[in-house]
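Structure first, commentary second.
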Amino acid sequence: MAEAGRATDMAVVDAAEQRWALAVAVIVGLVVAVMVYSGLHWTAMAPARVETIDASTLHLSGEFMEANLGTAREPDRSAAVVRVIAQQYAFVPHCIVVPAGTPVTFRITSPDVVHGFLIAGTNVNAMVVPGYVAVVQARFDKPGEHVMPCHEYCSVGHEGMWARVTVLDKLEFERQHGGARRASCAR
Ligand code: CUA
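Counted the way our numbering counts, the sequence shown spans residues 560 to 746.
So, in structure tokens, the structure goes:
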């Protein structure tokens, strides 16, 4: 009698183990399916705002050559584009000047390691990753000064890595930099 009872117990245990094994297999299968689906999906449709760049040659030619850094305005003065390089341990240019009341697009990249791009007192905040161009839209309503520290630890000189953003009244910007192809504080 006791023998038969033990056999029944074993059958119950076996059935429970099989149910749980099936449940685990279904969960693992779902996780794998999600990984495969998202991998294929992101390959087929990369996010539109990811722009890549060759970090080892960006100083030498193209958009981030030294002559192209700083603030450039549309010919009709309706918008500005600021190109910046973040590198160990400085931003180039280290002082950025922009006109107030104008849409400003920051384009910033790194030739070495990950840096942080933050303009105090605004919602401008991005990571600067080598191989990618970080693109941030901003608009400064009032003239003034903002500090721009690197906020991503980038090795021993990190604490000293910061820059300044000077927002000038539109007319003042025109007076100081109207004739320049690129503007920065240290012209
Ligand atoms: Cu660059 Cu911290």
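Even for Gly, the Cβ is constructed at its ideal location relative to N, Cα and C. None of these values were measured; they are calculated from a predicted model.
query                                                                                                           : result
Met720 - DSSP class collapsed to helix/strand/coil                                                              : coil
Terminal residues of the alpha helix (DSSP H) in which Gln735 lies                                              : Lys729 to His736
Other residues of its chain near Cys709: CB distance less than 7 Å, five sequence neighbours each side excluded : Ala645, His674, Gly675, His717, Met720 and Trp721
Beta-carbon proximity check, Ala659 vs Asp728, cutoff 8 Å                                                       : yes
Cα-Cα separation, Ala575 to Ala693                                                                              : 53 Å
Proximity test, His653 beta-carbon vs ligand 1 heavy atom, cut-off 7 Å                                          : no
Arg746 (DSSP reduced to helix, strand or coil)                                                                  : With a pLDDT of 47 at Arg746, under the threshold of 50, the modelled position of this residue cannot be trusted; read the value that follows with caution. Three-state DSSP puts Arg746 in coil, outside helix and strand.
Whole-angstrom distance between Gly629 and Phe623, CA atom to CA atom                                           : 10 Å
For Gln696, the three-state DSSP class (helix, strand or coil)                                                  : strand
7 Å Cβ shell around Val833 - same chain, five flanking residues per side excluded                               : The chain is shown only over 560 to 746; residue 833 falls outside these bounds and no answer can be derived.
Gln646 - DSSP class collapsed to helix/strand/coil                                                              : strand
N-terminal and C-terminal residue of the beta strand (DSSP E) that Asn627 is part of                            : No beta strand (DSSP E) contains Asn627, which DSSP labels as neither H nor E.
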